[in-house]
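Numbering (mature numbering (1 follows the signal peptide of the UniProt record, and there is no 0)), first residue to last: -44 to -1, 1 to 387. Glycine residues also receive a C-beta, built at the ideal position from the N, C-alpha and C atoms. These figures come from a predicted structure and were not determined experimentally. Here is the structure we will look at.
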């Protein structure tokens, strides 16, 4: 048996090896803390997705420092939102179908030129920036998806699209929506008397309603309903140069604001991504900004939010018409959306009431019954029977992967783990 003293030198080496291991572990922990400490805030902050030029141009990224829309519900009344799309997972909190086709509100419906529409609009509002996808203007809102039939070839069992919209508005209000987006329209400025009540109900429950005014490229010579309903924020389209994009807007007293309508990145309903054109995508940008403002200051009423948006709008470059006090220009309304100014501004001293404006209109115009009607045909005649329409707006597909801060964070973590393992192997070999 060896003397105990003979084992002492070996025993004295072990603490030093353990100390080396401990030092490497400490260094590894520090490096890990540094990596996670520098990437975690960036992971939490929204970042624009590929091609989202309007986020910086309109200062929306500055609004994200104060608000991402958390706690606000935005209803998308459209062709249905594909909640399984990677860019929209976890975004749709409630859904319902009003098409009469026994769907669930999360199943896109409609013809080949319109079926994509609801998913695209929802992505502009609340996209999660996954893969090559867009980050929504208000990425932390909850989307309420109300699906209805858009475009031609409406199945007979689907019923009147105006009735679908009427029911969808009421459902959205009862489901807690604080903003309703309607990137659709009927190809005339009139609306049925039933809408008087459903829109009044929304105003009574303090809801902001935003709608596109229609695209000249689709033959719109004047603003579509529902943008023509008093109290609704009617949105027209601007190009990347901030000038009026004539094909992406329609004139009329319904025009309130102008927003970006060119090359807007969107999630495509069946997967992947595309770009959209038209005021259909300017409208959800305004809806998203309204949601950011409502989340930042929940005490503001819907009328106050609308007043902040319209009173801070900028002049539109190259447009000769002028907006005067209490009289918006028929082409550009109050002007170009200015999200930063709207967020920072005080509530104007005079705040128009959407409910009162609608009530006044009803009192003046509903002296005789003159409800616009739809036939039972699958495709109502455009001249006599207005139909719900949406732009043929998808122009190109994309499949560009996006390497964001989350990827960098995971990569950094893997690098630290490999570093620590290499250090442990090195120590063991030295033993």
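- Between residue 31 and residue 149, the gap from beta carbon to beta carbon reaches 7 Å or more.
- Under the DSSP definition of a beta bridge, residue 223 partners with 229.
- Counting the other Cβ atoms within 10 Å of the Cβ of residue 320 gives fewer than 16, which makes it exposed.
- Apart from the 5 residues on each side of it in sequence, residue 260 sits with its Cβ closer than 6 Å to the Cβ of 303, 307 in its chain, given in chain order.
- A check of alpha carbon separations from residue 288 across 80, 151, 170 identifies 170 as the nearest.
- Taking every protein chain shown into account, the CB of residue 254 has fewer than 16 other CB atoms within 10 angstroms, so this residue is exposed.
- Annotation: the continuous alpha helix (DSSP H) that includes residue 149 extends over 149 to 160.
- The straight-line gap separating the alpha-carbon atoms of residue 39 and residue 162 is approximately 27 Å.
- By the CB criterion at 7 Å, residue 237 and residue 80 fall inside the cutoff.
- Distance between residue 43 and residue 227, taken at the CA atoms: about 9 Å.
- For residue 41, same chain residues with a beta-carbon under 7 Å away, outside a window of 5 residues either side, are 75, 223, 227 in chain order.
- Judged by beta-carbon spacing, residue 219 lies beyond the 7 Å limit of residue 273, meaning their Cβ atoms are not closer than that value.
- Closest in alpha carbon position to residue 189, among 160, 246, 217, is 246.
- Residue 3 and residue 252 have their alpha carbons spaced roughly 19 Å apart.
- For the beta strand (DSSP E) assignment, the uninterrupted runs of no fewer than 3 residues enclosed by the region 29 to 78 are, from N- to C-terminal side, 29 to 34, 48 to 53.
- With fewer than 16 neighbouring CB atoms inside 10 Å of its own CB, residue 177 falls in the exposed class.
- Bounds of the beta strand (DSSP E) holding residue 103 are 98 to 103.
- Uninterrupted alpha helix (DSSP H) stretches at least 4 residues long and entirely within the region 297 to 327 occur at 310 to 321, given in chain order.
- Per DSSP, residue 179 lies in no beta strand (DSSP E) and is assigned neither H nor E.
- A distance below 7 Å separates the beta carbons of residue 65 and residue 36.
- Looking at the DSSP output, residue 280 shares a beta bridge with 283.
- Residue 140: not part of any beta strand (DSSP E); DSSP gives it neither H nor E.
- Taking all protein chains in view, the Cβ of residue 282 is surrounded by fewer than 16 other Cβ atoms within 10 Å, so the residue is classified as exposed.
- Nearest to residue 34 by alpha-carbon distance, out of 160, 8, 182, 95, is 182.
- For the pair residue 316 and residue 266, the CB atoms are not nearer than the 7 Å cut-off.
- Secondary-structure assignment with DSSP links residue 213 through a beta bridge to 191.
- Between the alpha carbons of residue 204 and residue 179 lies a gap of roughly 11 Å.
- Between the alpha carbons of residue 140 and residue 235 lies a gap of roughly 9 Å.
- In the DSSP assignment, residue 166 falls within the unbroken beta strand (DSSP E) covering 164 to 168.
- In this model, residue 91 and residue 231 are separated by some 14 Å (Cα to Cα).
- If you draw a straight line from the Cα of residue 250 to the Cα of residue 29, it comes to about 10 Å.
- In the displayed model, residue 174 falls within a helix according to three-state DSSP.
- Following the DSSP letters along the chain, one finds residue 3 in no alpha helix (DSSP H), marked with neither H nor E.
- If you look at residue 85, you'll find it isn't in any alpha helix (DSSP H); DSSP assigns it neither H nor E.
- Here the alpha carbon of residue 63 sits roughly 19 Å from the alpha carbon of residue 131.
- Rounded to the nearest whole angstrom, the C-alpha separation of residue 113 and residue 296 is 46 Å.
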